[in-house]
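Written out below as C-alpha cells is the structure these notes cover.
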Amino acid sequence: MIKDWDLWLVPLGFATLATYHGYFLYIYKTQPLLTVIGANHVGRRAWVRSMMADVEKKSVLAVQSLRNSMMGSILWASVAILLCSGSVAFINTSYSYGLRKPVFESFGGGKTKQDETTMSIKVTLLLGCFMVCFFCCMQSVRFLNQVSFFINTPGDEILSKFVTPEYVASLFEKACNFQAAGSRSFYFTIPLLLWILGPVPLAMACFVIIPFLYHLDMNFMVSNKSIAKLDSPLWE
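Mapping of the sequence shown onto UniProt numbering: position 80 corresponds to residue 80, and the numbering continues sequentially without gaps.
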C-alpha cells in the first residue's frame with residue numbers, strides 16, 4: 001500500500017490547506033478586523049491620511065517607510081528566484097548522478113513506472129510557487145513605487161480631486177496584498193519541497209503549517225467581534 005499513499009495523503013493535505021484558506025477568506029470578508037490583514041489595512045489608511053495631511057513635514061518619513069516595505073518585497077523576489085534556480089540545479093544533479101531513487105523511495109515514494117511523471121508534477125508545482133512569489137513581489141514593488149510618488153503630492157486644488165488619500169491608500173493596500181500573497185506562496189513551497197521526499201512528509205507539513213498560519217493570520221487583540229464587522233467606522 002505504500003505506493004498508493006500519493007493517492008490519498010496528497011489530496012488530504014491539499015484539501016486541508018484549501019479548507020483553512022476558505023475559512024480565512026470568510027472571516028476576512030465578514031469580520032476583517034479579526035484578521036491581521038484587515039487590521040493592518042485600517043492602520044495603513046490612517047497612516048496615509050496622516051502623511052498626506054502634512055506633506056511638507058512628513059514627506060521624508062513617508063518615503064523612508066515605503067522604502068523599507070519595498071526592500072522587503074525585493075528580498076522576497078530575489079530569494080524566490082534564487083531558490084527556483086537552485087531547485088532546478090539540484091534536481092538535475094540528482095537525476096544525473098542517480099540520487100533520485102534513494103531519496104524518493106525513503107518516505108513512501110514507491111517504485112512504480114510513474115515515478116518520472118510524478119516527479120515532474122512535483123517539480124512543476126514547486127517552481128510554479130516560486131514564480132508566483134516572484135510575480136506578486138514585483139507587483140508589490142510596482143504599487144509601492146506609485147504610492148511613494150503620490151503620497152508626496154502637493155495640496156493643489158485640482159490634483160487633490162484625483163490623488164486623494166483614499167486612492168493612495170487603495171494603492172498601498174494592493175501593494176501589501178501582493179506582498180502577502182507572495183509570502184503565502186513562499187510558505188506553500190515547504191509542503192511541496194517535502195513532497196519530493198514522499199507523500200508522508202507532505203501531509204505532515206500541511207497539518208503542521210496550519211496552526212502556524214492561523215497564528216499569523218488572526219488578530220487576537222480584538223476581543224469584541226462587533227467592531228470587527230464591515231460596518232465598523234474604522235474600516236471606512
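Backbone N, C-alpha and C define an ideal beta-carbon position, used for all residues, glycine too.
Would you report the Cα separation of residue i and residue j, rounded to the nearest angstrom?
{"i": "Ala77", "j": "Gln64", "result": "20 Å"}
{"i": "Ile196", "j": "Val123", "result": "8 Å"}
{"i": "Ser87", "j": "Leu193", "result": "9 Å"}
{"i": "Tyr26", "j": "Lys58", "result": "37 Å"}
{"i": "Pro199", "j": "Val10", "result": "6 Å"}
{"i": "His41", "j": "Gln179", "result": "13 Å"}
{"i": "Val147", "j": "Leu82", "result": "28 Å"}
{"i": "Phe90", "j": "Leu144", "result": "34 Å"}
{"i": "Arg142", "j": "Phe212", "result": "29 Å"}
{"i": "Thr30", "j": "Ala39", "result": "13 Å"}
{"i": "Met71", "j": "Ala205", "result": "29 Å"}
{"i": "Asn219", "j": "Leu33", "result": "7 Å"}
{"i": "Ala175", "j": "Arg67", "result": "12 Å"}
{"i": "Ser73", "j": "Val60", "result": "20 Å"}
Got a sec, what are the start and stop residues for the alpha helix (DSSP H) residue i sits in?
{"i": "Val208", "result": "199-217"}
{"i": "Asp6", "result": "5-30"}
{"i": "Ile151", "result": "Counting along the chain, Ile151 falls outside any alpha helix (DSSP H), and DSSP gives it neither H nor E."}
{"i": "Thr189", "result": "165-195"}
Sort the options by Cα distance to residue i and report the nearest one.
{"i": "Ser170", "options": "Gly13, Arg44, Ile37", "result": "Arg44"}
{"i": "Met221", "options": "Trp8, Val36, Tyr214", "result": "Val36"}
{"i": "Asn177", "options": "Gln139, Gln31, Asp6", "result": "Gln139"}
{"i": "Thr153", "options": "His21, Glu56, Ala18", "result": "Glu56"}
{"i": "Phe207", "options": "Lys161, Asn219, Ala15, Asp6", "result": "Ala15"}
{"i": "Phe172", "options": "Phe150, Leu126, Asn92", "result": "Phe150"}
{"i": "Pro191", "options": "Ala53, Ser120, Gly13", "result": "Gly13"}
Give me the DSSP bridge partner(s) of residue i.
{"i": "Thr35", "result": "Met218"}
**Prompt:** Between the region 130-143 and the region 175-193, do at least 3 Cβ pairs fall closer than 8 Å?
**Reply:** Touching, per the Cβ criterion.
**Prompt:** Counting Cβ pairs, one atom from each stretch, are 3 or more of them under 8 Å apart for the region 160-180 and the region 47-58?
**Reply:** At 8 Å Cβ cutoff, the stretches touch.
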